[in-house]
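Participant: Numbering (numbering that gives the first Met the number 0) for the sequence shown: 0 to 602.
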Amino acid sequence: MTSDGTSTKYLYHFEIVDYVVFASMLVLSALTGLYFGCRSKYCKSKEDQTLSEYLTGNRNLKPFPVALSLIASYVSGVTILGTPSEVYNFGTQYWFIVIAIWISGLVVSVVYLPVFLKLQVSSSYEYLELRFNRVVRTIASVFFVLDEVMFLPIVIYVPSLAFNQVTGIDIHLIGTIVAVVCVFYTFLGGLKAVVWTDSWQVIAMFISVIVVVILGTVSIGGPSVIIHLTSKGGRFQFFNFSPSLYERYSVFSVVIGGFTYWTCFNSVNQTMVQRYLSLPTPRQSKMALLLFTIGVSVFVWVCCYTGILVYASYYGCDPSAMGRIKADDQILPLFVMETVGHLRGVPGLFIAGVFGAALSSLSVILNSTAQVFLEDFVYGCLRIQLNERTGKILVKTVVLVLGSVAVAFLYVVEHLGGVLPLASALSSIAAGTTCGVFTLGMLVPWSNSKGAVVGAISGAVMSGIVSFGQQYVAAAKLVVPHKLSVIAEDWCYDKYGMEASRNQTVIPEDYPDESHIFPLFRLSFLWITPVGVLTVLIVGSLVSLLTGRRNLKTLDPDLISPVAQWMLPAEAQQYAGSTSKKFARAREAMENERMMTISSISN
Numbered sequence: 000m001t002s003d004g005t006s007t008k009y010l011y012h013f014e015i016v017d018y019v020v021f022a023s024m025l026v027l028s029a030l031t032g033l034y035f036g037c038r039s040k041y042c043k044s045k046e047d048q049t050l051s052e053y054l055t056g057n058r059n060l061k062p063f064p065v066a067l068s069l070i071a072s073y074v075s076g077v078t079i080l081g082t083p084s085e086v087y088n089f090g091t092q093y094w095f096i097v098i099a100i101w102i103s104g105l106v107v108s109v110v111y112l113p114v115f116l117k118l119q120v121s122s123s124y125e126y127l128e129l130r131f132n133r134v135v136r137t138i139a140s141v142f143f144v145l146d147e148v149m150f151l152p153i154v155i156y157v158p159s160l161a162f163n164q165v166t167g168i169d170i171h172l173i174g175t176i177v178a179v180v181c182v183f184y185t186f187l188g189g190l191k192a193v194v195w196t197d198s199w200q201v202i203a204m205f206i207s208v209i210v211v212v213i214l215g216t217v218s219i220g221g222p223s224v225i226i227h228l229t230s231k232g233g234r235f236q237f238f239n240f241s242p243s244l245y246e247r248y249s250v251f252s253v254v255i256g257g258f259t260y261w262t263c264f265n266s267v268n269q270t271m272v273q274r275y276l277s278l279p280t281p282r283q284s285k286m287a288l289l290l291f292t293i294g295v296s297v298f299v300w301v302c303c304y305t306g307i308l309v310y311a312s313y314y315g316c317d318p319s320a321m322g323r324i325k326a327d328d329q330i331l332p333l334f335v336m337e338t339v340g341h342l343r344g345v346p347g348l349f350i351a352g353v354f355g356a357a358l359s360s361l362s363v364i365l366n367s368t369a370q371v372f373l374e375d376f377v378y379g380c381l382r383i384q385l386n387e388r389t390g391k392i393l394v395k396t397v398v399l400v401l402g403s404v405a406v407a408f409l410y411v412v413e414h415l416g417g418v419l420p421l422a423s424a425l426s427s428i429a430a431g432t433t434c435g436v437f438t439l440g441m442l443v444p445w446s447n448s449k450g451a452v453v454g455a456i457s458g459a460v461m462s463g464i465v466s467f468g469q470q471y472v473a474a475a476k477l478v479v480p481h482k483l484s485v486i487a488e489d490w491c492y493d494k495y496g497m498e499a500s501r502n503q504t505v506i507p508e509d510y511p512d513e514s515h516i517f518p519l520f521r522l523s524f525l526w527i528t529p530v531g532v533l534t535v536l537i538v539g540s541l542v543s544l545l546t547g548r549r550n551l552k553t554l555d556p557d558l559i560s561p562v563a564q565w566m567l568p569a570e571a572q573q574y575a576g577s578t579s580k581k582f583a584r585a586r587e588a589m590e591n592e593r594m595m596t597i598s599s600i601s602n
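1) Alpha carbon to alpha carbon, how far is M271 from A487?
2) Bridge partners for C181 per DSSP, in chain order?
3) What's the gap between the Cα of A287 and the Cα of T280?
4) Give the list of continuous beta strand (DSSP E) stretches no shorter than 3 residues that lie fully inside the region 239 to 278.
5) Assuming A563 is part of the alpha helix (DSSP H), what are its boundary residues?
6) Determine the contact status of S514 and L244, defining contact as a CB-CB distance below 9 Å.
7) Tell me, to the nearest whole angstrom, how far the beta carbon of L558 is from that of L116; I am working on the premise that it is less than 8 Å.
8) Under 9 Å between the Cβ atoms of V436 and G454?
9) Nearest-angstrom Cα distance between G347 and I15?
10) Going along the chain, which residues of its own chain have a beta-carbon closer than 7 Å to the beta-carbon of P318, five neighbours each way excluded?
11) Mark I155 as exposed unless 16 or more other C-beta atoms lie within 10 angstroms of its C-beta, in which case mark it buried.
12) Can you tell me where the alpha helix (DSSP H) holding F517 begins and where it ends?
13) In the DSSP assignment, what are the bridge partners of C434?
14) Per the contact definition of three or more C-beta pairs closer than 8 Å, is the region 80 to 95 in contact with the region 233 to 249?
15) Could you check the C-alpha separation between C434 and T259 for me, to the nearest Å?
16) Would you call the region 520 to 538 and the region 437 to 454 touching, i.e. three or more CB-CB distances under 8 Å?
17) From this set, A29, M24, S218, which residue's C-alpha is nearest G340's C-alpha?
18) For D555, count neighbouring Cβ atoms within 10 angstroms of its own Cβ and tell me buried if that reaches 16, exposed if not.
19) Take H481 as the anchor and find which of Y87, T175, T432 has the nearest alpha-carbon.
20) With a threshold of 7 Å on Cβ separation, who are the neighbours of F95 within its own chain once the five nearest residues in sequence on each side are excluded?
21) Indicate whether the contact test is met: 3 or more Cβ pairs, each with one atom in the region 348 to 359 and one in the region 70 to 77, closer than 8 Å.
22) If you drop the 5 nearest sequence neighbours on each side, which residues of the same chain put their C-beta closer than 7 Å to that of G603?
23) Determine the closest residue to W261 out of Y495, Y111, K552, with distance taken between C-alpha atoms.
24) Please state whether the Cβ-Cβ distance between S159 and L409 is less than 9 Å.
25) So N132 packs on S448, CB below 8 Å; how close in whole Å?
26) Less than 9 Å between the C-beta atoms of T31 and Y184, yes or no?
27) Kindly confirm or deny that the region 360 to 368 and the region 208 to 223 touch, where touching means at least three C-beta pairs closer than 8 Å.
28) Just the C-alpha distance for A99 and F517, rounded to the nearest angstrom, thanks.
29) Counting along the chain, where does the alpha helix (DSSP H) carrying G458 start and finish?
30) Could you say which of I392, K285, Y495 lies nearest to G322 if we only look at CA atoms?
31) Hey, is C434's beta-carbon within less than 9 Å of any beta-carbon in chain D?
32) Near R678, which residues of its chain fall below 6 Å by C-beta distance, leaving aside the five closest residues on each side in sequence?
33) Hey, I176 and L25: beta-carbon distance below 9 Å or not?
34) Looking at V530 and M461, is the spacing between their C-beta atoms short of 9 Å?
35) Label F240 either buried or exposed according to how many other C-beta atoms from any shown protein chain fall within 10 Å of its C-beta, with 16 as the threshold for buried.
36) Confirm, please, whether the CB-CB distance from S360 to N268 is below 9 Å.
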């Protein structure tokens, strides 16, 4: 209770203008879907929006909105709420992730992107069939779908929890409303609706975080105060060169592990490749990648700065130690309400930004997974040919089913505590395994399909052992995160009207002895993806050598990354472009078969 007897829970709350700002975000999202789903030139045609228009935007989008959509593909409410809490609890070493992001952007543009741009595949996993065989493609596609489905509850649940904290509205209710809106505009408008909605949602997200940061910095007294208190609290830890793989954050784990994860996500994941290929020229695709790298690195930098801002604001009054929050991700919404909660509309803008990030991530998952289901499972695995109308019905059905799964997960995630750790573990497994297979195909010319299959299985098993092992020891409290010390002083309790018995500096000294824990289970989570990638590359390369290396003389250079084509013999050049020509002929035959099907139905 406060000194006047008012509960601190209701000291700050949403005003009418905050609800209006938040609702405006949802309404504008829905209107975007209506616009692109029923533009006049499509509504007048018999078939309305074409399947190609729905899934790829006819490969005629613009670099800037695509770059914003790429940012939306990665940044979610988890990023906005989780990054500041990581810096708050573990120090500023994570800030080095910005370096990893830039290195990753360079590698993607030089190593991976040229291959996809040359082949112009409909799905990134289609490359694996062209390079290896259908089995490898199917394995990677299954990993992708499982990963995205398991990620659905995280995307919606985390921001719903933040909204509940500042409004008291039921988590399931607001999560369901947001999911329905997202499914609505994705279902109607397809990729163009997703890209353009992502664009203004990312802008709103940037504005909301920047406004909160500026107002928070001014309220505390400026950057000098933040630097002083952060330094005093021991949060400045930029140059930890410890070689230990067990430390959560070091220069090596953040730069190497962060680079590997970012590269795996940005280079071969369908949610990203789909947008790279939605642009008409390679130059524009690379421009979108550059803009994405700039934008996301700036945003992550701001999120890291927000971490030290929040720490300085609560210096001596740690909300967790005082029992004012139950989860680390709640600290930023608490800071927003207590710092700028008195300014009408600002809390609403911030929560709208958090949910905008959630909406954009969810819409990307819905659209990309629908395309993978059609291209990789129906066309690629089952070899079923569908006409235009049936294809549209199928992909829209997938969008509806995934949206329903997202809503259903909201009602079970609270009661199944293992869902979120399971989703995180599966994401790590999928990222390392699929990226390793793509890298094997593009950088190891002699690798064959047997090596790819065995390598993928080995990578999944190894990263699975590490990931699920870490989840087990964490759940059993055998290994716990080594947070930095926090302080909760008596005057803080007086400030918030709470009862305190003594000054307390909370220094975690009761960490369990971890020396007997299996070493792989103690690794920093940033090393999980590198473990998966390296396992696939090593096992895949060795198995390929033992089972008969690929004949390099007949290998199409377009299937190999430009940085590795020096390993190909001169004879291989005569096969340059053969895959694209074969691919084009297959596509043409497929289209002819569809047209014949449509014609027979009409007759």
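Quick reminder that beta carbons are idealized off the backbone N, C-alpha and C, glycines included. Remember, it's a predicted structure, so these values are computed and weren't measured experimentally.
Facilitator: Taking the geometry as given:
1) Taking the straight line from one Cα to the other gives about 44 Å.
2) DSSP lists no partner for C181.
3) Cα to Cα, the separation comes out at about 11 Å.
4) For secondary structure counted as the beta strand (DSSP E) over 3 or more consecutive residues, the region 239 to 278 holds no complete run.
5) Per DSSP, A563 is not a residue of any alpha helix (DSSP H), being assigned neither H nor E.
6) No; because the gap between Cβ atoms is not below 9 Å, this pair is not in contact.
7) Contact doesn't hold; Cβ gap of about 13 Å is too wide.
8) Yes; because the gap between Cβ atoms is below 9 Å, this pair is in contact.
9) C-alpha separation (whole angstroms): 9 Å.
10) Taken in chain order, the residues that qualify are I324, I330, L333.
11) Residue burial is scored here from C-beta neighbours: I155 has at least 16 other C-beta atoms within 10 angstroms and is therefore classed as buried.
12) Going by DSSP, F517 is part of no alpha helix (DSSP H) at all; its letter is neither H nor E.
13) Paired residues: none, contrary to the question.
14) Contact between the region 233 to 249 and the region 80 to 95 is established, with three or more Cβ pairs separated by less than 8 Å.
15) So the two alpha carbons sit approximately 9 Å from each other.
16) Because the criterion of three Cβ pairs below 8 Å is met, the region 520 to 538 and the region 437 to 454 touch.
17) The candidate whose alpha carbon is nearest that of G340 is S218.
18) Taking all protein chains in view, the Cβ of D555 is crowded by 16 or more other Cβ atoms within 10 Å, so the residue is classified as buried.
19) If we check each option's Cα against that of H481, Y87 comes out closest.
20) Closer than 7 Å at the Cβ level, and outside the excluded window around F95, lie V250, V253, V254.
21) Contact annotation: the region 348 to 359 touches the region 70 to 77, with at least three C-beta pairs closer than 8 Å.
22) No answer is possible for residue 603: the residues shown for the chain start at 0 and end at 602.
23) Per the Cα distances, Y111.
24) Contact: yes.
25) Going by Cβ atoms, the distance from N132 to S448 rounds to 4 Å, so yes, they are a contact pair.
26) In this structure, Y184 lies closer than 9 Å to T31 by Cβ.
27) Taking a contact to require three or more Cβ pairs closer than 8 Å, the region 360 to 368 and the region 208 to 223 do not qualify as touching.
28) Each residue's Cα considered, the two are about 28 Å apart.
29) Its alpha helix (DSSP H) spans residues 448 to 474.
30) Checking every option, the nearest Cα to that of G322 belongs to Y495.
31) In the structure shown, chain D does not exist; there is a single protein chain.
32) Within the shown structure, residues of the chain are numbered from 0 to 602, placing residue 678 beyond reach of any answer.
33) Contact flag set, yes.
34) Yes, the Cβ-Cβ distance between M461 and V530 is below 9 Å.
35) Exposed, because fewer than 16 other Cβ atoms sit within 10 Å of the Cβ of F240.
36) Going by C-beta atoms, N268 is not nearer than 9 Å to S360.
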